[in-house]
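Residues 542 to 805, numbered by this note's numbering, are exactly what the sequence shown covers, in order. Backbone N, C-alpha and C define an ideal beta-carbon position, used for all residues, glycine too. Structure first, commentary second.
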Amino acid sequence: IHQIIMNLCTNAYHAMMKKGGVLRVNLDRVELDGETMTGSVKLQKGTYVRLTISDTGHGMDQRTMERIFEPFFTKKEVGSGSGLGLSVVHGIVSNYNGGIEVESEIDRGSRFIIYLPQHSEDEISVQPDSPKIKKGNGSILFVDDEKEITFMGKRMLESLGYTVDIKTDGFTALEEFKKDPRKYDLLVTDQAMPKMPGTELIGKVREIRPDLKTIIITGYYDSIPRSDIEKYKIQDIISKPIILSEFSELIRKVLNKEKIKKAS
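Here's what the structure looks like:
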């Protein structure tokens, strides 16, 4: 939920950055009859929590609205990020069996309406297939050119028990790593960064410390050639949007391989 709110509020901030404006956040509960459509999704009958985030920014035309949830689609200026924020929101909402409505008008602003199924405490506690969050410990260097994603990544990883340093480009991450190469147990880096892609950062880090564990984050899993994965000895890849339960399991798996190897 934090990721949803942070991404949408950051998006609203960018929309109002030049002229200012008003950001509104509202939360209420609604009963849906099973006929409600949000985008292309028909929501089932039941009780939903409705989160509405609106701004009075520059707004969007119809063509833009039809593409905003595509990975890497962005109307921001170069250097403002890779455009994965709304794709992340869409992925999280879909994962919760919810839906999103978008309303926008040029020079009037935008409104995002999120519907998430409401569950009672009893339903949550007895859910047999709920993904388990696996906690751990260790030091992680997290790199992504979008500041909002680095903040979310830091918060997620710290909630799992890890110590986290964040950087927004490969060059500053490399300089930080050089200060104390043995400090980190794991490097988690985005692939699509303008100054230095993730694979290049991993290659330079491996010249200093070949045994460091690494995970690449990417919007498109197939965008990294198999030859690069083998060349840079990348331990694993995770696709955006990042789901906390999947991320926690992947990190434990990557780090535990090293522990098992040392124990043997």
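Quiz item: In chain order, what residues of the same chain lie with their CB nearer than 7 Å to the CB of ILE765, ignoring the 5 residues before and after it?
Solution: GLN732, THR740, ILE757, THR759, ILE778
Exercise. Using only alpha-carbon positions, find the residue among GLU699, MET734, ARG747, THR730 that is nearest to GLY719.
Key: The question names Gly, but residue 719 is Lys in the sequence shown. Ranking the options by Cα distance to LYS719, first place goes to ARG747.
Exercise. Confirm, please, whether the CB-CB distance from MET693 to PHE712 is below 8 Å.
Key: Between PHE712 and MET693, the CB-CB gap reaches or exceeds 8 Å.
Exercise. Kindly confirm or deny that the region 723 to 732 and the region 678 to 694 touch, where touching means at least three C-beta pairs closer than 8 Å.
Key: yes
Quiz item: Within this structure, are the beta carbons of MET676 and LEU701 separated by less than 8 Å?
Solution: It is worth fixing the name first, because residue 676 is Lys in this sequence and not Met. Yes, they are a contact pair.
Quiz item: Just checking my contact of ARG591 with TYR656 at CB under 8 Å: how many whole Å lie between their CB atoms?
Solution: At roughly 6 Å, the Cβ-Cβ gap stays under 8 Å, so ARG591 and TYR656 are in contact.
Practice problem: Please name the residue or residues paired with ARG565 in a DSSP beta bridge. | Solution: SER595
Practice problem: Return the chain-ordered list of same chain residues with a C-beta closer than 7 Å to the C-beta of ALA556, the five sequence neighbours on each side being excluded. | Solution: Closer than 7 Å at the Cβ level, and outside the excluded window around ALA556, lie ASP596, GLY598, HIS599, SER651.
Quiz prompt | Same chain, Cβ closer than 8 Å to ASP574, five either side skipped, listed in chain order | solution = Excluding sequence neighbours, ASP574 sits near LYS586.
Quiz item: Hey, how far is the Cα of ILE792 from the Cα of ARG649?
Solution: 43 Å
Exercise. Return the bridge partner residues of ILE778 from the DSSP annotation.
Key: ILE757
Quiz item: Shortest alpha-carbon distance to TYR589 belongs to which of ILE633, SER789, GLY639?
Solution: GLY639
Quiz item: What distance in whole Å lies between the Cβ atoms of ILE775 and ILE743, which are believed to be in contact at a cut-off of 8 Å?
Solution: 6 Å
Quiz item: How would you call LYS724, buried or exposed, if buried means at least 16 neighbouring beta carbons within 10 angstroms?
Solution: exposed
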